[in-house]
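Residues -16 to -1, 1 to 181 (mature numbering (1 follows the signal peptide of the UniProt record, and there is no 0)) are what the sequence shown spells out, left to right.
Take a look at the structure below.
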Amino acid sequence: MQKVLILVALLGVAAAFKTANSGCGFECKDGDCVDLNKRCNGRDDCSNGRDEESALCDALPTVALPVNTTVTARVQHGAHSGVLLLLCGKSCTKVWLVGTGEEGELRHWTWMCDAHGGKCSKVQSASVTTGFGHGEIELVVQHRANELAVWRKDHPADVVTAAVDPTKSASRPSTLRIRPHTWEQDMPVQFSDATVA
């Protein structure tokens, strides 16, 4: 009997430790806990798919971004390990802005992904010298015919580009989502100045 009580006590401590100390911050409907980074990542990490429900994921900072449209995004960066941009239609182009290089140029990774941004193949990556600090990053994002272009508003010559599949983006409206790469807390984003070329 004493062994059973010890086992029950250990299971309770383990469950409390899992929730409080493992970085787990999103609870599935069945009580399982998944890391916040897995929320709205295009893959069902909860057994019932709660982490990908429309009500949750549609609340991400999102704006319609058809071809030949440019938008400004003011991102409040904190402890997020960079900024993740997803331009999605029938497929997604994913750009992870991770920081800057020695000359202050943007460092990034890019992927081509399925329509949910979950199953991806890496296209390009770069080493990072300095991550983004806490504070506002003002980005200009442009959906060109065959690519997504991103630059900091005060550095227009430093443009990051990532391929967009034109056969898939033309047949379905494209939306731009911006979220933290490491999602330990929400990252406020404000869109403005949408212009069509």
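Quick reminder that beta carbons are idealized off the backbone N, C-alpha and C, glycines included.
| How would you call Gly119, buried or exposed, if buried means at least 16 neighbouring beta carbons within 10 angstroms? | With fewer than 16 neighbouring CB atoms inside 10 Å of its own CB, Gly119 falls in the exposed class.
| field | Proximal residues to Cys76 (C-beta, below 6 Å), its chain only, five neighbours per side dropped | value | Leu70, Cys97 and Gly101
| said: Taking a contact to mean a Cβ-Cβ separation below 8 Å, would you say Glu131 touches Ala146 in this structure? | reply: yes
| message | Cutting at 8 Å between CB atoms, please list the residues of its own chain near Arg136, excluding the five before and the five after it. | response | Leu90, Ile121, Glu122, Leu123, Val124 and Asp142
| task | Report all residues from its chain with a CB closer than 6 Å to the CB of Lys13; omit the five preceding and five following residues, and keep chain order. | result | Asn32 and Arg34
| request: Identify whether Asp35 lies in helix, strand or coil by the three-state DSSP scheme. | output: DSSP, read as helix, strand or coil, puts Asp35 in helix.
| Asp170 versus Gly66, Asp29 and Leu160, residue with shortest Cα-Cα distance | Gly66
| Quick one: is Gln108 buried, meaning 16 or more other Cβ sit within 10 Å of its Cβ, or exposed? | Exposed: under 16 other Cβ atoms inside 10 Å.
| Considering only residues of the stretch 111 to 147, which uninterrupted alpha helix (DSSP H) runs meet the minimum length of 4 residues and lie entirely inside it, listed in chain order? | none
| field | Contacts around Asp28, its chain only, beta-carbon distance under 8 Å, and the 5 residues preceding and following it disregarded | value | Asp35 and Glu36.
| Just to confirm, are Leu49 and Arg163 a CB contact at a threshold of 8 Å? | No, Cβ-Cβ distance for Leu49 and Arg163 is not below 8 Å.
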